[in-house]
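Numbering (this note's numbering), first residue to last: 2 to 156. Written below as structure tokens is the structure these notes are about.
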């Protein structure tokens, strides 16, 4: 495993910790971090249930923290690490913020907007494209989601 792969796996560990926190709070276990210049500048986990806010996705919350810190809605050169493939809402926000790269764990067959339903990271005609790395610590991310949804079905 190369240096970049090791770094990606380590940073995904931070996102997985946030996903576990979301699960403890009864939220869908998705966690995200924004990294710029090797420093974590934004963190988030799903909070839709607690806030009754349909936009309170992990990625959006991590972006909000990072952009507040940067005092700019643009985050050129920043990377987002998230445990689940971003949806259409989140990919729109990531494109708008000019995120350079998205690294994610598990795919989202029902709502994924990187590869599963649509490929928004590379839509022709958009003024920005996002590099993507898929499947980092995928088994761990998928297991968190499976365990969470299995427990809901048993209620």
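Glycine included, C-beta positions come from ideal geometry on N, C-alpha and C. These numbers come from a predicted model, not from an experiment.
My guess is that residue i and residue j are in contact by the Cβ rule of under 8 Å, so how many angstroms apart are they, rounded?
i: residue 134; j: residue 102; result: 7 Å
i: residue 88; j: residue 112; result: 4 Å
Can you list, in chain order, the residues of its chain with a C-beta nearer than 6 Å to that of residue i? Leave out the 5 residues immediately preceding and following it.
i: residue 132; result: 102
i: residue 42; result: 35, 67, 70
i: residue 142; result: 84, 106, 107
Given residue i, which residues of its chain have a CB within under 7 Å of its CB, disregarding the five upstream and five downstream residues?
i: residue 76; result: 35, 37, 67, 68, 98, 99, 100
i: residue 50; result: 27, 28
i: residue 110; result: 117
What separation, rounded to the nearest whole angstrom, lies between the Cα atoms of residue i and residue j?
i: residue 1; j: residue 95; result: As displayed, the chain neither begins before 2 nor continues past 156, which places residue 1 out of reach and without an answer.
i: residue 85; j: residue 130; result: 19 Å
i: residue 78; j: residue 65; result: 16 Å
i: residue 147; j: residue 140; result: 10 Å
Mind checking whether residue i and residue j have CB atoms under 7 Å apart?
i: residue 10; j: residue 154; result: no
i: residue 44; j: residue 57; result: no
i: residue 82; j: residue 104; result: yes
i: residue 118; j: residue 20; result: no
So, for residue i: in the same chain, excluding its five sequence neighbours on each side, which residues have a beta-carbon less than 8 Å away from its beta-carbon?
i: residue 23; result: 29, 30, 31, 32, 46, 47, 48, 59
With 16 as the cutoff for other CB atoms within 10 Å, does residue i come out buried or exposed?
i: residue 40; result: exposed
i: residue 6; result: exposed
i: residue 80; result: buried
i: residue 123; result: exposed
i: residue 4; result: exposed
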